[in-house]
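Residue numbers (this note's numbering), protein chains in the order written: chain A, 1 to 130; chain B, 131 to 272.
All remarks here apply to the structure that follows.
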Amino acid sequence: MYRGQSGQWSWLFHRVTGLGVLLFLLIHIVDITLVGFGPTVYDDALRVFSTGIVRLVSLALIAAVLYHAFNGVRIILIDFWPAAHKYQRPMFYGVLLLTIAGFIPMGFFVVAPIFGACPTGPNGCAPFLG
Amino acid sequence: MATSTSSPARRLVASYGAAAKPTAGGFETFSWYFLRISGVALIFLVIIHLLLMHVFNDVSATTYCFVAARYANPFWRAYDLLLLTLALPHGLNGLRLVSDDYIQRRGVRLAVVSTLFVAALLFWLMGSMTIITFQPVASAHC
Chain A
1 MYRGQSGQWS
11 WLFHRVTGLG
21 VLLFLLIHIV
31 DITLVGFGPT
41 VYDDALRVFS
51 TGIVRLVSLA
61 LIAAVLYHAF
71 NGVRIILIDF
81 WPAAHKYQRP
91 MFYGVLLLTI
101 AGFIPMGFFV
111 VAPIFGACPT
121 GPNGCAPFLG
Chain B
131 MATSTSSPAR
141 RLVASYGAAA
151 KPTAGGFETF
161 SWYFLRISGV
171 ALIFLVIIHL
181 LLMHVFNDVS
191 ATTYCFVAAR
201 YANPFWRAYD
211 LLLLTLALPH
221 GLNGLRLVSD
231 DYIQRRGVRL
241 AVVSTLFVAA
251 LLFWLMGSMT
261 IITFQPVASA
271 HC
């Protein structure tokens, strides 16, 4: 970290969120491979994603993905639009705002089943097992 | 458009969290473009994937039978294959750049990057085989 200005924070967040999402991706490839072992193995193993603790971890994943995506756009704008570096700080605040704006509704759907609610689509929610 | 790393504009860019484009051509320039182009595609692929698996369907409903119904349509197999094929090298190439920053010894860096390359290959094979070969078993009663 160098003097902790917005550009440094955006860089650090981009790195940490990228590493976090990569870690999840590697785990996710392994867990999806279980689908080849049949319905019992797959459904038993992936039930863990419906538990309260892993739902909370999923919140971190969603926040990380959204930040990394929006800040990625900011980086690309700075790369390809020469004047953009002048707006890097307001764009960083825009990235944070968009991340929060996307995170709140998505997080609501992820967390609601912990409290017995199921505000979701046609397939509904399985009974919450903790 | 300033392209030299020594130009004031480029040094500013580097201090704002973006990385200057490598100018020598070759793999590093390809890597720089790949991260950005795959990144733009992944914004859509990943956010749509998240919405489908955590918002429009609750994660508890994404069961074996859900996968079977979804993979009856080749579009979703192609979608997931594209997602895998872009996300895995995007992430592992990112990790390679991070390791370049922190690992000073050349031999160690070579070992790490080689490991990342093999990991990319193995995880890609694992994922793509799962996506391509999945056939629901009759005993699933979907």
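Backbone N, C-alpha and C fix where the C-beta goes; we use that ideal spot for every residue, glycine too.
Remember, predicted model here, so these are calculated numbers, not experimental data.
For chain B, check one thing: does any of its Cβ atoms lie closer than 8 Å to the Cβ of residue 96 of chain A?
Numbered from 1 along the first sequence, position 96 holds the residue referred to as residue 96 of chain A. Chain B contact via Cβ: absent.
Partner residues on chain A for residue 270 of chain B, Cβ-Cβ distance less than 7 Å
In the second sequence, the residue the question calls residue 270 of chain B occupies position 140. Those within 7 Å of residue 270 of chain B in chain A are 39.
By the three-class DSSP mapping on this structure, what secondary structure does residue 271 of chain B have?
What you label residue 271 of chain B is simply residue 141 of the second sequence in a count that begins at 1. Residue state, collapsed to three classes: coil.
Can you check the region 46-94 of chain A for any beta strand (DSSP E) of at least 3 residues that lies completely inside it and give the ranges in chain order?
Taking 3 residues as the minimum length, the region 46-94 of chain A contains no beta strand (DSSP E) run wholly inside it.
Using 8 Å as the threshold, is the region 26-45 of chain A in touch with the region 71-87 of chain A, meaning 3 or more CB pairs across them?
The region 26-45 of chain A and the region 71-87 of chain A do not touch, with fewer than 3 CB-CB distances between them shorter than 8 Å.
is_contact[residue 205 of chain B, chain A] using C-beta, thresh 8 Å:
Counted from its first residue, the second sequence places residue 205 of chain B at position 75. So no, residue 205 of chain B is outside the interface.
So with Cβ pairs under 8 Å, would you call residue 116 of chain A a contact of chain B?
Residue mapping note: residue 116 of chain A aligns to position 116 of the first sequence, counting from 1. Using beta-carbon distances, residue 116 of chain A does not count as an interface residue toward chain B, since no partner is under 8 Å.
When DSSP labels each residue in this structure, what does residue 280 of chain B get in the three-state scheme?
This structure leaves residue 280 of chain B out entirely; chain B is present only between 131 and 272.
Can you find at least 3 beta carbon pairs, one from the region 249-256 of chain B and one from the region 198-213 of chain B, that sit closer than 8 Å?
No contact exists between the region 249-256 of chain B and the region 198-213 of chain B.
Express the C-alpha separation of residue 165 of chain B and residue 134 of chain B in angstroms, rounding to a whole number.
By one-based count along the second sequence, residue 134 of chain B stands at place 4. By one-based count along the second sequence, residue 165 of chain B stands at place 35. The predicted model places residue 134 of chain B with a pLDDT of 41, which falls under 50 and marks its position as unreliable; any figure quoted below should be read in that light. Rounded to whole angstroms, the separation of the alpha carbons of residue 165 of chain B and residue 134 of chain B is 20 Å.
Should residue 189 of chain B be labelled buried (16 or more other beta-carbon atoms within 10 Å of its own) or exposed?
Translated into positions along the second sequence, residue 189 of chain B becomes position 59. When all chains shown are included, residue 189 of chain B counts as buried.
Can at least three beta-carbon pairs, one atom from the region 84-98 of chain A and one from the region 178-196 of chain B, be found at a separation below 8 Å?
Counting Cβ pairs under 8 Å, fewer than three are found: no touch.
Which of helix, strand or coil does DSSP assign to residue 123 of chain A?
To locate residue 123 of chain A, count along the first sequence from 1; it is residue 123. Three-state DSSP puts residue 123 of chain A in coil, outside helix and strand.
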